[in-house]
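In the numbering used here, the protein residues as written are 14 to 275.
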């Protein structure tokens, strides 16, 4: 599901779960395991850059595993449902915060679909490189919820509020060119050239003094802790409403081969 490749002072995390790297409990455990392996290397100064990318043809990530969420909501009583939701959200926020705060340069390579929870995962990266096929969206309001993996605070940290409101309140997707125009993406490259571009940038970053690099990142990219805590609470409150269960039922009943597309 996640493969690690270490080359010098650069480590690559390759997402490879079909159909499109949906984030459920299995992917969450894989992310936790990958971080458990990487963090000691970073702490020792052996790794100074990390590249996060996908080998799945469809894209970077379609977001949360909605079918798993649907099963969990149906299979538990109300008290267990809330406990399960809170437990999962705490774990996923823990992973996102660990990625966000890694004391090394993190680069995300985006192609194809980068929606919902996948978009939130991408937002933990310091630098985003998008291939021309990339599309970004937060379609959560269609389900009666808000992004729950840290998306709103991290998006607000990166771009202007009109862009945040547009993405959230319309649910529409934006392409790679638009993402670069609004400052979300630092590089726009042709299809297939994202990983080479990230490797070149990572090699440059890996030359820097590890202590100075980590200090610079802490200074310029603080984690929005208070906003993230508020988002977790809001997500759980909305996720427990009947609207989400009804929307998930429509999703699992859909015969669209890509029902996650806005």
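Glycine included, every Cβ here is placed at the ideal spot set by N, Cα and C. Note that this is a predicted model, so its numbers are computed, not measured.
- Per the C-alpha coordinates, the member of 226, 254, 244 and 242 positioned closest to residue 119 is 226.
- Runs of the alpha helix (DSSP H) lying entirely within the stretch 58 to 142, each at least 4 residues long, are 79 to 88, 91 to 113 and 129 to 135 in chain order.
- For the set 62, 128 and 238, the Cα lying nearest the Cα of residue 147 is the one of 128.
- The beta carbon of residue 202 sits closer than 7 Å to those of 142, 144 and 210, all from its chain and outside the five residues before and after it, given in chain order.
- Note on geometry: alpha-carbon atoms of residue 252 and residue 153 lie some 11 Å from one another.
- Residue 124 is positioned such that its CB atom lies closer than 9 Å to that of residue 207.
- DSSP, read as helix, strand or coil, puts residue 174 in helix.
- Two segments are said to touch when three or more pairs of C-beta atoms, one from each, lie closer than 8 Å; by this definition the stretch 72 to 83 touches the stretch 34 to 47.
- If you compare the alpha carbons of 73, 48, 52 and 56 with that of residue 34, the shortest gap goes to 73.
- Separation of residue 134 and residue 109 (C-alpha to C-alpha, rounded to the nearest whole angstrom) is 7 Å.
- For residue 250, the enclosing alpha helix (DSSP H) has its first and last residue at 238 to 252.
- For residue 260, there is no enclosing beta strand (DSSP E); the residue is part of the alpha helix (DSSP H) that begins and ends at 255 to 266.
- For residue 198, there is no enclosing beta strand (DSSP E), as DSSP marks it with neither H nor E.
- In the same chain as residue 176, and ignoring 5 residues on each side of it, the C-beta atoms closer than 6 Å to its own belong to 195, in chain order.
- For residue 45, the enclosing alpha helix (DSSP H) stretches over residues 38 to 56.
- Residues of the same chain with a CB within less than 6 Å of the CB of residue 230, apart from the 5 flanking positions on each side, do not exist.
- Beta bridge pairing from DSSP links residue 18 with 25.
- An exposed status is given to residue 265, since fewer than 16 other beta-carbon atoms sit within 10 Å of its beta-carbon.
- DSSP places residue 165 within a helical segment (H, G or I) once states are collapsed to three.
- With fewer than 16 other Cβ atoms inside 10 Å of its own Cβ, residue 91 counts as exposed.
- The criterion of a C-beta distance shorter than 9 Å is not satisfied by residue 247 and residue 86.
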